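K.L.:
So that we are looking at the same thing, I have put the structure below in structure tokens.
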Amino acid sequence: MNQDHPEFETDTPAGDTAESPDLQLQALRAELEQLKGESLRERADLENQRKRVARDIEQARKFANEKLLGDLLPVFDSLDAGLAAAGAEPNPLREGLELTYRQLLKVAADNGLALLDPVGEAFDPERHQAISQVDAPAGVAPGAVVTVFQKGYLLNERLLRPALVVVARVD
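Just so we're aligned, residue 103 is where the sequence shown starts under this note's numbering, counting upward by one.
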């Protein structure tokens with residue numbers, strides 16, 4: 103034994119002082135494969151996180167105006183009521199209300215708002231709220247919307263407010 107260099111001392115029998123090169127190579131390859139696997143998992147996790155953040159940003163962008171547009175719904179209702187009260191005869195007041203209503207609808211539509219006015223359509227519980235039923239008038243299919251009391255609205259295909267409707271009774 104070499105007393106000047108104790109780091110060279112071994113407790114193994116002579117000729118068995120080190121692992122064989124093949125075993126070392128196998129161990130290094132296994133470690134390399136493990137590191138590659140960890141790297142791929144981390145890369146996949148980062149990509150999933152990037153996609154999640156992008157999806158969250160897109161959702162936030164699509165629905166950022168939800169409160170403002172929701173607060174404007176009573177204005178749409180008031181304009182609807184004003185147009186109904188103005189009668190069918192053309193006059194400057196009616197024309198002004200129609201112009202204002204169309205401009206407001208365009209601005210809202212440009213921001214993702216869509217009008218639900220389902221007269222004659224089949225009742226859809228996902229988008230309509232039935233407040234009563236009536237016998238089906240001539241030419242109206244059972245289960246169809248007969249009257250709309252309050253229009254509904256979608257914001258980027260998500261229901262903002264259901265339409266309040268009367269439905270033809272199904273026998």
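The beta carbon of each residue, even a glycine, is placed where N, CA and C say it ideally should be.
The model shown is predicted, which means the values in this text are computed figures rather than measured ones.
Just the C-alpha distance for L148 and Q161, rounded to the nearest angstrom, thanks.
P.N.:
On the sequence shown, residue 148 is found 46 positions in, with the first residue counted as 1. On the sequence shown, residue 161 is found 59 positions in, with the first residue counted as 1. Using only the alpha carbons, I get a separation of about 20 Å.
K.L.:
For the alpha helix (DSSP H) containing S141, list its first residue and its last residue.
P.N.:
For the purposes of this step, residue 141 is taken as the residue at position 39 of the sequence shown. That run of the alpha helix (DSSP H) goes 123-164.
K.L.:
Using CA coordinates, which residue listed in V268, E135, D158 is at the minimum distance from F251?
P.N.:
Along the sequence shown, read from residue 1 onward, the residue named residue 251 stands at position 149. The shortest C-alpha separation from F251 is found at V268.
K.L.:
Reducing DSSP to helix, strand and coil, say where F49 ends up.
P.N.:
There is no way to answer for residue 49, as the model of the chain reaches only from 103 to 273.
K.L.:
If you draw a straight line from the C-alpha of Q128 to the C-alpha of E135, how long is it?
P.N.:
Translated into positions along the sequence shown, residue 128 becomes position 26. Translated into positions along the sequence shown, residue 135 becomes position 33. Their backbone Cα atoms lie some 10 Å apart in a straight line.
K.L.:
From the DSSP output, which residues share a beta bridge with R263?
P.N.:
Position 161 of the sequence shown, counted from the first residue, corresponds to residue 263. Beta-bridge pairing links R263 to Y255.
K.L.:
Let me know the secondary structure DSSP gives V209 once reduced to three states.
P.N.:
Here residue 209 refers to the residue found at position 107 when the sequence shown is read from its first residue. In this structure, V209 counts as helix in the three-state DSSP scheme.
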